[in-house]
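**Q** First, the structure itself, so that you have it in front of you.
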Amino acid sequence: MVGYLYIIYSELAGKYYIGSTIDLDRRMAEHNSGKNIATKNKGKWELKFFQIYNDIKQARCIEYKIKKLKRRDIIEDIIENKIIKLK
């Protein structure tokens, strides 16, 4: 089963959120309906980037690597260039 890594953005909060899932449509609906504590009460979330992986384990591995960097400029670079370049 494929896995998705995704980056969403809330204009109201001015924040990005990075996540992974096996069902991107369902996950976006959850974020926008307030079912996720981390994204609740931050307005509408817009999908800015996603990448498909062979499985969810691979997607989560990349998610954790990006989250550990804690750098907005890297997230914005991924969105702009539509590619993940991690060293």
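Residues in the sequence shown are numbered from 1 upward in steps of one, following full-length UniProt numbering.
By construction, the Cβ of each residue, glycine as well, lies at the ideal position given by its N, Cα and C atoms.
Using a Cβ-Cβ cutoff of less than 8 Å, which residues in the same chain neighbour residue 3 once the five nearest sequence positions on both sides are dropped?
**A** Within the sequence shown, numbered from 1, the residue matching residue 3 stands at position 3. Cβ neighbours of residue 3 beyond the five flanking positions: 20, 21, 22, 52, 53, 54, 55, 56, 57, 58, 59, 60.
**Q** Mark residue 46 as exposed unless 16 or more other C-beta atoms lie within 10 angstroms of its C-beta, in which case mark it buried.
**A** To locate residue 46, count along the sequence shown from 1; it is residue 46. Residue 46 is exposed by the Cβ-count criterion.
**Q** How would you call residue 64, buried or exposed, if buried means at least 16 neighbouring beta carbons within 10 angstroms?
**A** Locating residue 64 in the sequence shown gives position 64, counting from the first residue. With fewer than 16 other Cβ atoms within 10 Å, it is exposed.
**Q** Tell me which same chain residues have a C-beta within less than 7 Å of the C-beta of residue 24, skipping the five on either side of it?
**A** Position 24 of the sequence shown, counted from the start, is the residue given in the question as residue 24. Closer than 7 Å at Cβ, skipping near neighbours: 4, 6, 50.
**Q** Answer yes or no: do residue 48 and residue 8 have a C-beta to C-beta separation smaller than 8 Å?
**A** Here the question's residue 48 lines up with position 48 in the sequence shown. Here the question's residue 8 lines up with position 8 in the sequence shown. In contact: residue 48 and residue 8 (Cβ atoms closer than 8 Å).
**Q** Can you tell me whether residue 75 is buried or exposed? The criterion is at least 16 other CB atoms within 10 Å of its CB, across all chains shown.
**A** On the sequence shown, position 75 is the one that residue 75 refers to. Its Cβ being crowded by 16 or more others within 10 Å, residue 75 is buried.
**Q** Within 10 angstroms of the Cβ of residue 78, are there 16 or more other Cβ atoms? Answer buried if so, exposed if not.
**A** Start at 1 with the first residue of the sequence shown, and residue 78 comes out as number 78. Per the 10 Å Cβ criterion, buried.
**Q** If you follow the beta strand (DSSP E) that residue 47 is in, where does it begin and where does it stop?
**A** Here residue 47 refers to the residue found at position 47 of the sequence shown. From DSSP, the beta strand (DSSP E) with residue 47 extends over 45 to 53.
**Q** Between the Cα of residue 66 and those of 80, 85, 31, spot the shortest distance and give me the residue it belongs to.
**A** Along the sequence shown, one-based indexing puts residue 66 at 66. Distances from the alpha-carbon of residue 66 to those of 80, 85, 31 put 85 closest.
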